[in-house]
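Comments concern the structure below.
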Amino acid sequence: MRKPDTIERLYLDFDGFFASVEQQADRRLRGRPVGVVPFEGTDRTCVIACSREAKLFGVKNVMNVSEARERCPDIVLVPQKPDLYRRAHNTLLAEIESVIPIDAVKSIDELTCWLDESGREDPVGLGVRLKSTIARNVGPYVTCSIGFAANRQLAKMACKAGKRTEERYGDGLMIWRPEDLPAPLIVLPLSDVPGVGGRMEQRLARAGVYSMADLYALQPKHMRKLWGNVNGERLWYALHGYDIQAQPSERGMFGHGRVLPPESRTLPAAYEICRLLLIKAARRLRRAGYYCNGLMLWLALRGGEWSDQLKLPIVNDDQAVLAGLARLWERVRRKHSNGTQVFRVGVTLCELSLADQRQLDMLINDDRTRQKWESVSTAIDGLNARYGRTVMSLGPWKPPAGGHVGGKISYTRIPTAEDFW
Ligand SMILES: [Mg+2]
């Protein structure tokens, strides 16, 4: 793997994006602590984005409204306007592209670019040009922070590190040259590593990793083991300054199909087998360190085929994918009676993204529920791994006669031992 000897990447993250767009659009909000909430008129929700003024009071994104009010009694709560943010996003991208080509848009308020020769030589000049273009053509209330480093992951961390100082939030510009590392990196808390949340921190602590310096000193294989998938190893190379690329195209989907045994050819029995296949597919998804954004269901019925698909939130837990299957199955039942014969079924999780690049879906605001179900799925996976078979599952686990649910061998996929549980 290549290890660049200079900065090659820029990472740009808008500061308190939804809130600053609100301030740009409505002068009454300027200079005031603003919190954007999903719905108006209830305290039983949380602030999904807040302005720099609110941040200086200690208000954070995804904080309960009651806690935000405690920390900042004057906070102005405004209901989200997704369409306004989408339009602002498009306008801002166009302005940035007038200065430098965008390599990848990571979320509604984050993006990354490759640096050309001039950007590598004068990152400060480039940063100033980007910021002044936005200020002039969009407005001075929408600010961004920019990080420069050898790879995208380090540039993202540099961006975050530059975003906040003791007396200031936002409008940051941070340059981490390879020769300066790891000094600016190892002073950061572990939670600044993309993908390290509270649970991961606990897991690391149990392994004796308490600080960024501890993490930096590990070996790639050890990190892979701690993470439970290849993302740990990828992170090692990223932290150590290697040019590690996102690989979304490496995998397109995780799916399983099966010909049904004669006793399982009714709709209710086929549904049970689809459930099993889907749980198997979700386990593989998690082991490989992915999330999915879509679910497809395919049935071969007497008299033809039926197939349909569904958009999921960006998820990887059993509860979420099973809920998606239940919704698709409703559509099957509207069309076909219970007595309909089903010969083959197939389920596929698609539209994948790597787990370490998952973006909190702010417009759905489901993160709390998802985290709960994700920890349930992780606990179940851990138990099954310990016993080497399915001892626990969400809902019943009754493999059909003939076994081998999801263990089919094909030219494109060689099953692992876990696929046969
Ligand atoms: Mg942001």
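-10 is the number of the first residue of the sequence shown in our numbering; add one for each residue after it.
Virtual Cβ for every residue (Gly too), placed ideally from N, Cα, C.
Query, Result
"Cβ-heavy atom distance, GLU99 to ligand 1, below 7 angstroms", "yes"
"Closest by C-alpha distance to LEU228, when choosing among GLU56, ARG16, PRO385 and GLN142", "GLN142"
"Exposed unless 16 or more other CB atoms sit within 10 angstroms - verdict on ARG247", "buried"
"Straight-line gap, SER121 to SER96 (C-alpha atoms, nearest Å)", "22 angstroms"
"Simplified DSSP assignment, three categories, for LYS300", "strand"
"Within 8 angstroms, strictly: CB atoms of ASP92 and TRP103", "yes"
"Cβ pair ALA270, VAL336 closer than 8 angstroms", "yes"
"C-alpha distance - GLY5 paired with ALA38, whole-angstrom precision", "6 angstroms"
"DSSP bridge partner residues for GLY278 (one or two, in chain order)", "BP columns for GLY278 are empty, so no partner."
"Residues near LEU341 in its chain [Cβ-Cβ closer than 8 angstroms; skip 5 each side]", "PRO237, ARG240, GLY241, MET242, PHE243, LEU274, TYR279, TYR280, CYS281 and ASN282"
"Beta-ladder partner(s) of GLU99, from DSSP", "ASP2 and SER96"
"Backbone secondary structure at VAL219 - three-state DSSP", "helix"
"CA nearest to the CA of LEU115, picked from ARG19, LEU100 and ILE85", "ILE85"
"One or two residues paired with ALA158 in a DSSP bridge", "Note that residue 158 is Tyr in the sequence shown, not Ala. DSSP lists ARG153 as partners of TYR158."
"Residues near ALA57 in its chain [Cβ-Cβ closer than 7 angstroms; skip 5 each side]", "GLY24, VAL36, VAL48 and ILE64"
"For HIS245 and TYR400, the rounded distance between their alpha carbons", "Legend: pLDDT at TYR400 = 41, less than 50; position of this residue unreliable, value from coordinates given subsequently. Those two C-alpha atoms are separated by around 14 angstroms."
"Ligand 1 heavy atom lying under 7 angstroms from the CB of ASP4", "yes"
"Cut-off 6 angstroms between Cβ atoms - residues of its own chain near ASN50, not counting five sequence neighbours on either side", "ALA38"
"Closest residue to ALA259 among ARG60, GLY328 and THR101 (Cα-Cα distance)", "GLY328"
"Beta-carbon gap between GLY151 and GLY128 smaller than 8 angstroms", "no"
"Cβ neighbour criterion (16 or more within 10 Å) applied to SER376", "Checking the sequence, you will find Tyr at residue 376 rather than Ser. That one is exposed."
"Delimiting residues of the beta strand (DSSP E) encompassing LEU170", "Taken as a continuous stretch (DSSP letters only), LEU170 belongs to no beta strand (DSSP E), as it is neither H nor E."
"DSSP three-state assignment for THR122, whether helix, strand or coil", "helix"
"Close beta carbons around ASP307, own chain, < 6 angstroms, minus the five adjacent residues each side", "ILE268, ALA271, SER366 and LEU383"
"Pick from LEU170, TRP216 and ALA277 that is closest to PRO(-7), judged by C-alpha positions", "LEU170"
"Three-state secondary structure assigned by DSSP to LEU352", "With a pLDDT of only 46 at LEU352, under the threshold of 50, the placement of this residue in the model should not be trusted, and no figure is reported."
"Three-state class that DSSP yields for PRO68 in the structure shown", "strand"
"Continuous beta strand (DSSP E) stretch holding VAL26: start and end", "23 to 26"
"Local conformation of PHE137 per DSSP, three classes", "strand"
"Range covered by the alpha helix (DSSP H) that runs through VAL54", "54 to 60"
"Check whether ALA144 and ARG(-2) have beta carbons under 8 angstroms apart", "yes"
"Per-residue burial, VAL26 [other beta carbons within 10 Å of its own, 16 or more giving buried]", "buried"
"C-beta atoms of LEU265 and LEU314 nearer than 8 angstroms", "no"
"Status (buried if at least 16 other CB within 10 Å, exposed otherwise) for GLU222", "buried"
"Counterpart residues of LEU288 in DSSP-defined beta bridges", "TRP295 and VAL334"
"Backbone CA spacing between ALA368 and ALA8 [nearest angstrom]", "37 angstroms"
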